[in-house]
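Number of protein chains: 2
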Amino acid sequence: MSTTEGTTERLEDTGYRLTAPRRAVLEAIARTNRPFTIEELSERLPNIGRATVFRTIKLLNELDIVCRVPLEDGGIRYERSRSGRHHHHLICSECGSVTEFSDPTLDEAIEQNAETARFELDGHSAELYGRCAPCQRPT
Amino acid sequence: MSTTEGTTERLEDTGYRLTAPRRAVLEAIARTNRPFTIEELSERLPNIGRATVFRTIKLLNELDIVCRVPLEDGGIRYERSRSGRHHHHLICSECGSVTEFSDPTLDEAIEQNAETARFELDGHSAELYGRCAPCQRPT
DNA sequence: AGTATCAGTGCGACGCTGTATCATTGGATG
DNA sequence: CATCCAATGATACAGCGTCGCACTGATACT
Chain A
0 MSTTEGTTER LEDTGYRLTA PRRAVLEAIA RTNRPFTIEE LSERLPNIGR
50 ATVFRTIKLL NELDIVCRVP LEDGGIRYER SRSGRHHHHL ICSECGSVTE
100 FSDPTLDEAI EQNAETARFE LDGHSAELYG RCAPCQRPT
Chain B
0 MSTTEGTTER LEDTGYRLTA PRRAVLEAIA RTNRPFTIEE LSERLPNIGR
50 ATVFRTIKLL NELDIVCRVP LEDGGIRYER SRSGRHHHHL ICSECGSVTE
100 FSDPTLDEAI EQNAETARFE LDGHSAELYG RCAPCQRPT
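As structure tokens, this is what we get:
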């Protein structure tokens, strides 16, 4: 729910319009607790054009309200960003759950490598694939 | 050139057939020094079916002979893997060059995070985006 | 060497994900 | 409440990759 709250002002402050479709997308996302594809989201919003859903998610991604989650197989899902800031993902291949984490040590290791290579770092991504704790229980 | 050499046996040893199209793809890759898209590769091999190029690259990727390079914009390029083993990428958004690097410290930081979250790690990816040293020269 | 077998190929159709176009609509502002 | 232009919806399109299927040719067996 806090997703919808703080966000409406975010949109306005950034000069974007708060329209009915955008509100609908935000609400749909707030009601979701698992990573979703655009297609899934679009199906749950039959009155909203597919293109608009794509456009809205792209926008929300730029505003760090949702984040892109690249899967191991090359697929893409999205999830509402809990922290709203830079982070990495633990992606469970069993149940599909995605957990965010931040780690200064990890970020520093990345920066260190860039520096060594005299590489001017703009951004980076790091995804961890495997099985989350609940999914490790014996079958 | 070493790409073609060691690889032919790799294919045979793994039970795959060494066919003319696969040889052609390997040679084309050996002649390339920059990351490529399948489409580019396919254009350079007009006698080889597009599907076959896809299939071959998929195979070579599994054998760690080429590696997938996910770009910042979501696009995918491939590059022949120099090390043939686990590594990360420095991806220049200016010239598109891709540099491999390995760093035990980085890998360890990743493993540490997985452990903390009681996450059973299968694999991970880390991509660094920015500008390589030559591209930082004043315009 | 001759032949049988089936992995690999080529072609074209298809599917999925995302974007472009463009006429229409409806928020924000004064 | 009138104006303006960002945003929308519908649809066509583009890119990337896979599928299905008939054919071929590399490998193994005799």
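Residue numbers (numbering that gives the first Met the number 0), protein chains in the order written: chain A, 0 to 138; chain B, 0 to 138.
Ideal placement from N, C-alpha and C gives every residue a C-beta, glycine not left out.
This structure is a prediction, so every number in the text was calculated from the model and none was measured.
Coil, strand or helix - residue i by DSSP
i, result
"A/Ser1", "With a pLDDT of 49 at A/Ser1, under the threshold of 50, the modelled position of this residue cannot be trusted; read the value that follows with caution. DSSP places A/Ser1 in helix when its eight states are reduced to three."
"A/Cys131", "coil"
"A/Ala116", "coil"
"B/Glu126", "strand"
Closer than 8 Å at the beta carbon, the chain B residues around residue i
i, result
"A/Asp72", "Result: empty, since nearest Cβ-Cβ is about 11 Å, beyond 8 Å."
Cα-Cα separation between residue i and residue j, rounded to whole angstroms
i, j, result
"A/His123", "B/Arg22", "35 Å"
"A/Ser41", "A/Leu70", "20 Å"
"A/Arg43", "A/Phe35", "11 Å"
"B/Leu58", "A/Glu8", "49 Å"
"A/Leu10", "A/His85", "19 Å"
"A/Cys134", "A/Leu105", "25 Å"
"B/Arg54", "A/Thr13", "45 Å"
"A/Ile37", "B/Gly5", "43 Å"
"A/Ala116", "B/Cys131", "8 Å"
"B/Phe118", "B/Glu110", "9 Å"
"A/Ile28", "A/Ile64", "10 Å"
"B/Leu89", "B/Gly83", "16 Å"
"B/Arg33", "A/Ala19", "46 Å"
"B/Thr98", "A/Val24", "39 Å"
"B/Met0", "B/Arg76", "Interpretation of B/Met0 is limited by its pLDDT of 45, a score under 50 that renders its predicted location unreliable; the figure taken from the coordinates is listed afterwards. Computed Cα separation, rounded: 20 Å."
"A/Cys66", "A/Gly73", "16 Å"
"A/Pro45", "A/Thr51", "11 Å"
"B/Thr31", "B/Ile56", "14 Å"
"A/Phe100", "A/His87", "5 Å"
"A/Glu107", "B/Tyr15", "42 Å"
"A/Gly95", "A/Asn60", "20 Å"
"B/Pro103", "A/Asn112", "11 Å"
"B/Arg136", "B/Leu127", "19 Å"
"B/Glu26", "A/Gly129", "35 Å"
"B/Ser92", "B/Ser80", "20 Å"
"A/Asp121", "A/Glu78", "23 Å"
"A/Ala125", "B/Glu114", "16 Å"
"B/Leu17", "A/Val68", "37 Å"
"B/Glu39", "B/Leu62", "21 Å"
"A/Gly48", "B/Ile47", "40 Å"
Interface residues of chain A facing residue i [CB-CB closer than 8 Å]
i, result
"B/Asn112", "His87, Leu89, Phe100, Asp102, Leu105 and Leu127"
"B/Cys109", "The question names Cys, but residue 109 of chain B is Ile in the sequence shown. Neighbours of B/Ile109 on chain A, chain order: Leu105, Ala125 and Leu127."
"B/Leu120", "Leu127, Tyr128 and Gly129"
Contacts that residue i makes with chain B (C-beta to C-beta distance below 7 Å)
i, result
"A/Pro69", "Pro69"
Contacts of residue i in chain B (Cβ-Cβ under 9 Å)
i, result
"A/Arg117", "Cys131, Ala132 and Gln135"
Residue i Cβ short of 7 Å to the ligand MN heavy atom set
i, result
"A/Glu119", "Although the ligand MN was asked about, the structure shown includes no ligands whatsoever."
**Item:** Contact set between the segment 81-105 of chain A and chain B, restricted to residues whose Cβ is under 7 Å from the partner
**Value:** Leu89, Ser92, Thr98, Phe100, Asp102, Thr104 and Leu105
**Message:** Could you tell me which whole beta strand (DSSP E) segments of length 3 or greater appear in the segment 64-114 of chain B?
**Reply:** List check, beta strand (DSSP E) in window: 65-69, 75-79, 87-91 and 97-100.
**Request:** Pick out the complete alpha helix (DSSP H) segments inside the segment 27-52 of chain B, 4 residues or longer, and give them in chain order.
**Result:** 37-42
**Asked** Using a Cβ cut-off of 9 Å, which residues of the segment 24-42 of chain B contact any Cβ in chain A, in chain order?
**Response** Cβ contacts with chain A: none found.
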